[in-house]
Amino acid sequence: MLRALTSALRLPRPWRPLRTRSCASHGATGDPEIQVRALTGRDQGITEILMNRPSARNALGNILVSELLEALAQLREDQQVRVLLFRSGVKGVFCAGADLKEREQMSEAEVGIFVQRLRGLMNEIAASSAVMGLIETTRGLLPGAGGTQRLPRCLGVALAKELIFTGRRLSGAQAQALGLVNHAVSQNEEGNAAYHRARELAQEILPQAPIAVRLGKVAIDRGMEVDISSGMAIEGICYAQNIPTQDRLEGMAAFREKRPPRFVGK
281 MLRALTSALR LPRPWRPLRT RSCASHGATG DPEIQVRALT GRDQGITEIL
331 MNRPSARNAL GNILVSELLE ALAQLREDQQ VRVLLFRSGV KGVFCAGADL
381 KEREQMSEAE VGIFVQRLRG LMNEIAASSA VMGLIETTRG LLPGAGGTQR
431 LPRCLGVALA KELIFTGRRL SGAQAQALGL VNHAVSQNEE GNAAYHRARE
481 LAQEILPQAP IAVRLGKVAI DRGMEVDISS GMAIEGICYA QNIPTQDRLE
531 GMAAFREKRP PRFVGK
C-alpha cells in the first residue's frame with residue numbers, strides 16, 4: 281500500500297515553462313473569454329487566469345470550460361507558477377455557474393459529456409498538486425459537477441442537503457460564517473475589493489518554499505479522503521519527498537544565518 285501511495289503522491293516531472301503567458305478562446309462575438317497573465321516585480325510567481333464572458337456573467341459554457349482546462353494543463357507543472365489566482369473581468373460577478381441556456385441546446389448525450397468535463401475541471405482546480413489554487417471558482421460545488429460530494433465534506437451532511445435541496449443563495453458574509461469561503465470583504469468603488477484581498481494572500485504565499493507548499497496541498501487533499509492513520513502515512517510520504525530538495529536545505533541555512541531564504545523550487 282505504501283508503495284502505491286508513494287507512486288500516486290510523487291510530484292510530476294516539470295514541463296518546460298509556457299512560451300507565452302496568454303491564451304484566449306473566442307465566442308460568437310470574437311471577444312476572448314480566457315486570458316492568462318504572469319505578474320512581474322514583487323508579484324513575480326503569481327499567475328492570473330482572467331475570465332471575461334460578460335454576455336453570460338462568466339457562466340461555464342463549452343468554450344470557457346475548454347479554455348480553462350487547456351490553461352490549467354499548461355500551468356499546473358510550470359515551476360515558475362507559485363500561486364494561481366482566478367479573477368473575473370466582469371464587474372459585479374465572479375462566475376454564474378453552469379451555462380444553462382447553452383445546455384438547453386444540447387442532446388442528452390452532449391449534456392452527459394459536458395457535465396463530465398465540468399466535473400473534471402473542478403477536480404483539476406481543487407486537486408492539482410503543482411499549483412496552489414488561491415481562488416477555486418465555485419470550489420466545485422455545482423450540482424452535477426461534484427457538489428453533492430464536496431459540499432457535505434465542507435459543511436456536513438445535514439447542512440449540505442438543506443442548501444442543495446433549497447437552492448438557497450448565500451451572501452459573502454453568510455458563506456464565510458459557514459466556512460465556504462475564508463474571507464469576505466467590503467466592496468470598493470472599483471468593484472475589485474476581493475481581488476485585492478486575494479493578491480494580498482498570494483503575496484503571503486510567495487515567500488514560502490514552493491515544493492513544501494505543493495506537497496502540503498497534496499497531503500491535505502489526499503489525507504482528507506482517508507482515515508487518519510492513512511493520512512499520517514501520506515504526510516510522511518510527502519515529507520520524505522521534501523527532504524532531499526535544495527529548498528529544504530536553503531530554508532535551514534537561511535534560518536541558521538538569520539536571513540531571508542532564496543528558494544528555487546528544486
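In this text, residue positions in the sequence shown follow the working numbering: the first is 281, and each later residue adds one. Every residue, glycine too, gets a C-beta built ideally from N, C-alpha and C.
Close-in-space but distant-in-sequence residues of the same chain around residue i (CB under 6 angstroms, 5 per side omitted)
| i | result |
| --- | --- |
| GLN341 | Note that residue 341 is Gly in the sequence shown, not Gln. Counting only Cβ-Cβ distances below 6 angstroms, and skipping sequence neighbours, we find ASP379 and GLU382. |
| ALA492 | ASN522 |
| ALA339 | ALA376 and ASP379 |
| ARG419 | In this prediction, ARG419 scores a pLDDT of 41, lower than 50, which makes its location untrustworthy; the coordinate-derived value is nonetheless stated afterwards. Closer than 6 angstroms at the Cβ level, and outside the excluded window around ARG419, lies no residue. |
| PHE445 | none |
| LEU330 | GLN315, ARG367 and GLY369 |
| GLN456 | ALA464 |
| LEU352 | GLU404 |
| SER305 | Because SER305 carries a pLDDT of 44, less than 50, the predicted location of this residue cannot be relied on, and no value is offered for it. |
| ARG536 | none |
Residue from the options whose Cα sits closest to the Cα of residue i
| i | options | result |
| --- | --- | --- |
| ALA482 | GLN324, ARG317, VAL395 and GLU313 | GLN324 |
| PHE394 | MET504, ARG536, ILE343 and ARG322 | ILE343 |
| GLY452 | LEU330, PHE374, PRO540 and GLY436 | PHE374 |
| ARG317 | ALA339, VAL363 and GLU470 | VAL363 |
| GLY447 | ALA457, GLN456 and LEU431 | LEU431 |
| ASP501 | GLU357, GLN456 and CYS518 | CYS518 |
Beta-carbon proximity list for residue i, same chain, < 7 angstroms, skipping 5 on both sides
| i | result |
| --- | --- |
| LEU401 | VAL345, LEU348 and LEU349 |
| GLY545 | GLN359, PRO490, ILE491 and ASP527 |
| GLY372 | GLY471 |
| LEU421 | The predicted model places LEU421 with a pLDDT of 48, which falls under 50 and marks its position as unreliable; any figure quoted below should be read in that light. Only GLY427, ARG430 and LEU431 meet the Cβ criterion. |
| VAL391 | ARG383 |
| PHE543 | ALA489, PRO490, ASP527 and GLU530 |
| VAL465 | ALA473, ALA474 and ARG477 |
| ARG539 | none |
| ARG301 | Because ARG301 carries a pLDDT of 43, less than 50, the predicted location of this residue cannot be relied on, and no value is offered for it. |
| GLU507 | According to the sequence displayed, residue 507 carries Asp and not Glu. Answer for ASP507: no residue qualifies. |
| GLU416 | With a pLDDT of 37 at GLU416, under the threshold of 50, the modelled position of this residue cannot be trusted; read the value that follows with caution. These residues qualify, in order along the chain: ILE405 and ALA406. |
CB contact flag (residue i, residue j, <8 angstroms)
| i | j | result |
| --- | --- | --- |
| ALA489 | GLY531 | yes |
| VAL361 | THR320 | no |
| ASN468 | LEU495 | no |
| ARG337 | GLU313 | no |
| LEU460 | CYS434 | yes |
| GLY426 | ASN462 | no |
| GLY516 | GLY503 | no |
| ALA534 | PRO541 | yes |
beta-carbon residue i near the ligand NAP non-hydrogen atom, thresh 7 angstroms
| i | result |
| --- | --- |
| GLN454 | Because no ligand of any kind appears in the structure shown, any question about the ligand NAP cannot be addressed here. |
Cut-off 8 angstroms between Cβ atoms - residues of its own chain near residue i, not counting five sequence neighbours on either side
| i | result |
| --- | --- |
| ARG479 | ASP323, ILE326 and LEU365 |
Short CB-CB distance (under 8 angstroms) between residue i and chain C
| i | result |
| --- | --- |
| ARG383 | No chain C is present in this structure, which holds just one protein chain. |
Open item on the list: Under 8 angstroms: do the segment 378-394 and the segment 440-459 share three or more Cβ pairs, one atom per stretch?
Closed with: The segment 440-459 and the segment 378-394 do not touch, with fewer than three beta-carbon pairs separated by less than 8 angstroms.
- [ ] Tell me, please, whether the segment 470-482 touches the segment 353-368 by the rule of three or more beta-carbon pairs shorter than 8 angstroms.
- [x] yes
Task: 3 or more residues per run - each beta strand (DSSP E) lying fully within the segment 359-394 - done: Whole beta strand (DSSP E) segments, 3+ residues: 363-368.
- [ ] Within the segment 419-498, note down every full alpha helix (DSSP H) run reaching 4 residues or more, in order along the chain.
- [x] Counting only runs of 4 or more, we get 427-435, 437-446, 452-458 and 473-485.
- [ ] Mind listing, in chain order, the continuous alpha helix (DSSP H) runs of no fewer than 4 residues lying wholly within the segment 500-533?
- [x] 508-522
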